[in-house]
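Chemist: After the structure tokens below, expect a handful of questions from me.
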Amino acid sequence: MANIMATAVAWLLLSRSAQGAAFVAAPAVPKTCIINSRVQHKTLPQLYTALDDNNHHNLDSLTIDLSNNLFDDRRNFIKSVVSMGLIASSVPAVALAEDNTVLAPPSPVQVVATGDTKKLFNEGRALEAQGNILAAQRLYVKVTKISPRFIYGWANLSNTLVAQGQLNDAEETYSKAINLCEENLKEAEESFGIKRCDDLYLLLLNRGSVRLNNGMPKEALTDLQKANTLRARPDAVILQNLARAQEINSFYSQSDKSYTTAISMTANEVNPFWLRSSMVKYQLGDLNGAMDLMKRVENRFPEAPEVRAAYAVLLLAKGDEDAARKKFLEIPDRQRVKYADGEFLEKVVAWPSAMKEGLSTLTKAVGDSSQE
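Take a look at the structure:
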């Protein structure tokens, strides 16, 4: 279940913001990326498509699920070694404030909610499942105040922030959840009987997709590479997001490989990210491979302006200028002139350079370049 839910958010954010593609196959939803708990979780409104191994979620109802059935307390000891000649002894470390008052050691990282925290957290999940994001957010804020060391309080709060397009805040709260999860895993390596945070790859996937859509492409790539490594097996959702991050960072050969693997895992249904894969292939000089994918995308999404524009560029590259002009002019005027806007191409659809060069030739051919 965790994989099914996790899948949803990351893809969702992939094609909507300044760093993502503008093409969507359904009415746009505010930018969001969502992670939620594995136990008794339902779907939430999302922004873009997401897939897992067995499911395709539409643009309007996507979620990412984080496990929440692993919560338990652990004891946290900090050891210091006091050396006296050849004698060493281990004693609990004591932290002192500037006025020499003794500070309490940090409380254990919580992987399992208990008491009032559990009650509020479950209520928040129920509201979230009903689509009442603001009410759920208020409860998750309370959860983080009552139990600031509870991993999934921060993770689910992040979900609600993304659902409202508050990506800066979501990136910060995902980071808190990730730091707590990593701390827990380190403690679990050193001690027996500690409940493990097994969802680090999902947290990284979600923060990576947020960063991908929030002007942090290098950081996004790092997160998604780590998520892919931790997953330890091909995962279509991770690969889609990883491919996009590789593309944005101009690692086109790596991106092509990731897209190709993701497509092989979802070959029964054409998805919007296939458009990105086609453009990467064109960037690498594989015009035939790019056109094969583009034809399938155009057949699935024939009226999407970005699909029409990209298809027109490939037709032009094939030497069929008349067909290219005709396809490009199928785009309504108000939408078509955007493709003569350099900022739109750079920051909204974020096309590879070869596609932008072909589009520049095409816009001049139809007389749109004068409207920049």
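In terms of the numbering used here, the sequence shown is numbered consecutively and its last residue is 380.
Note that the Cβ used here is the ideal one computed from N, Cα and C, for glycine as well.
Quick one, are the C-beta atoms of LEU175 and ASN221 less than 8 Å apart?
Modeler: Translated into positions along the sequence shown, residue 175 becomes position 167. Translated into positions along the sequence shown, residue 221 becomes position 213. Contact: yes.
Chemist: With DSSP collapsed to three states, give me the class of GLN138.
Modeler: Numbered from its first residue, the sequence shown carries residue 138 at position 130. Coil.
Chemist: In or out: VAL102 buried (at least 16 other Cβ within 10 Å) or exposed?
Modeler: Along the sequence shown, one-based indexing puts residue 102 at 94. In this predicted model, VAL102 has a pLDDT of only 43, less than 50, meaning its place in the structure is not dependable enough to derive any value.
Chemist: Please report the distance separating the alpha-carbon of SER377 from that of SER368.
Modeler: Residue numbering aside, residue 377 sits at position 369 when the sequence shown is read from its first letter. Residue numbering aside, residue 368 sits at position 360 when the sequence shown is read from its first letter. Straight-line Cα distance between these residues: approximately 8 Å.
Chemist: So what does DSSP say about GLN291, is it helix, strand or coil?
Modeler: For the purposes of this step, residue 291 is identified with residue 283 of the sequence shown, where counting begins at 1. Of the three classes helix, strand and coil, the one that applies to GLN291 here is helix, per DSSP.
Chemist: CB ALA318 to CB MET302, shorter than 8 Å?
Modeler: For this step, residue 318 is matched to residue 310 along the sequence shown. For this step, residue 302 is matched to residue 294 along the sequence shown. Yes, these two residues count as a Cβ contact at 8 Å.
Chemist: Report yes if the CB atom of ILE202 is closer than 8 Å to the CB atom of GLN172, and no otherwise.
Modeler: Residue mapping note: residue 202 aligns to position 194 of the sequence shown, counting from 1. Residue mapping note: residue 172 aligns to position 164 of the sequence shown, counting from 1. Against a cut-off of 8 Å, the Cβ pair of GLN172 and ILE202 comes out as no contact.
Chemist: What is the DSSP secondary structure of GLN254, counted as helix, strand or coil?
Modeler: Counting from one through the sequence shown, the residue named residue 254 turns up at place 246. Here GLN254 sits in helix by DSSP.
Chemist: Quick one: which unbroken beta strand (DSSP E) runs of 3-plus residues sit fully inside the region 170-241? Chain order, please.
Modeler: List check, beta strand (DSSP E) in window: nothing returned.
Chemist: Can you tell me where the alpha helix (DSSP H) with PRO313 in it begins and where it stops?
Modeler: Mapped onto the sequence shown, residue 313 falls at position 305. 313-325 is the extent of the alpha helix (DSSP H) around PRO313.
Chemist: Among all the DSSP beta bridges, which residues are the ones paired with GLN118?
Modeler: One-based indexing of the sequence shown puts residue 118 at position 110. Answer is PHE158.
Chemist: According to DSSP, simplified to helix, strand and coil, what is ALA332?
Modeler: Counting from 1 along the sequence shown, the entry for residue 332 is found at position 324. Helix at ALA332.
Chemist: At the level of alpha carbons, what is the spacing between ARG342 and ALA373?
Modeler: As a working mapping, residue 342 is identified with position 334 in the sequence shown. As a working mapping, residue 373 is identified with position 365 in the sequence shown. Going by the C-alpha atoms only, they are around 17 Å apart.
Chemist: Assuming contact is defined by CB atoms lying nearer than 8 Å, are SER263 and VAL245 in contact in what I supplied?
Modeler: Here residue 263 is taken as the residue at index 255 of the sequence shown, counted from 1. Here residue 245 is taken as the residue at index 237 of the sequence shown, counted from 1. Cβ distance not < 8 Å, so SER263 and VAL245 don't count as in contact.
Chemist: Identify whether PHE309 lies in helix, strand or coil by the three-state DSSP scheme.
Modeler: In the sequence shown, counting from the first residue as 1, residue 309 sits at position 301. Coil at PHE309, not helix or strand.
Chemist: Would you tell me roughly how many angstroms separate the C-alpha atoms of GLY366 and GLY297, rounded to the nearest one?
Modeler: Position 358 of the sequence shown, counting from 1, holds the residue named residue 366. Position 289 of the sequence shown, counting from 1, holds the residue named residue 297. Answer to the nearest angstrom: the Cα atoms are 17 Å apart.
Chemist: In chain order, what residues of the same chain have a beta carbon less than 7 Å from the beta carbon of VAL315, not counting five sequence neighbours either side?
Modeler: If you number the sequence shown from 1, residue 315 lands on position 307. Cβ neighbours of VAL315 beyond the five flanking positions: PHE31, LEU283, VAL305, GLU306, PHE309.
Chemist: CA-CA distance, SER400 and PHE200?
Modeler: The requested residue 400 is not part of the displayed model; the chain covers only 9 to 380.
Chemist: Run through DSSP, which three-state label would GLY297 get?
Modeler: Stepping through the sequence shown from its first residue, residue 297 is reached at position 289. Of the three classes helix, strand and coil, the one that applies to GLY297 here is helix, per DSSP.
Chemist: CB LEU292 to CB THR269, shorter than 8 Å?
Modeler: Against the sequence shown, residue 292 aligns to sequence position 284. Against the sequence shown, residue 269 aligns to sequence position 261. Taking 8 Å as the Cβ cut-off, LEU292 and THR269 do not qualify as a contacting pair.
Chemist: Along the alpha helix (DSSP H) that carries ALA358, what are the first and last residues, could you check?
Modeler: One-based indexing of the sequence shown puts residue 358 at position 350. Note, ALA358: premise wrong, no alpha helix (DSSP H); not H, not E.
Chemist: According to DSSP, is THR274 helix, strand or coil?
Modeler: The residue given as residue 274 occupies position 266 in the sequence shown. In this structure, THR274 counts as coil in the three-state DSSP scheme.
Chemist: Could you tell me which of TYR267, GLU255, LEU128, TRP162 sits nearest to GLU180, measuring between CA atoms?
Modeler: Here the question's residue 180 lines up with position 172 in the sequence shown. GLU180 has its Cα closest to that of TRP162, out of TYR267, GLU255, LEU128, TRP162.
Chemist: Roughly how many whole angstroms lie between the Cα atoms of SER266 and ASN130?
Modeler: Looking up residue 266 in the sequence shown gives position 258. Looking up residue 130 in the sequence shown gives position 122. Near 37 Å, if we compare the C-alpha coordinates of ASN130 and SER266.
Chemist: LEU337 by DSSP, collapsed to three states: which one?
Modeler: If you number the sequence shown from 1, residue 337 lands on position 329. Correct three-state label for LEU337: coil.
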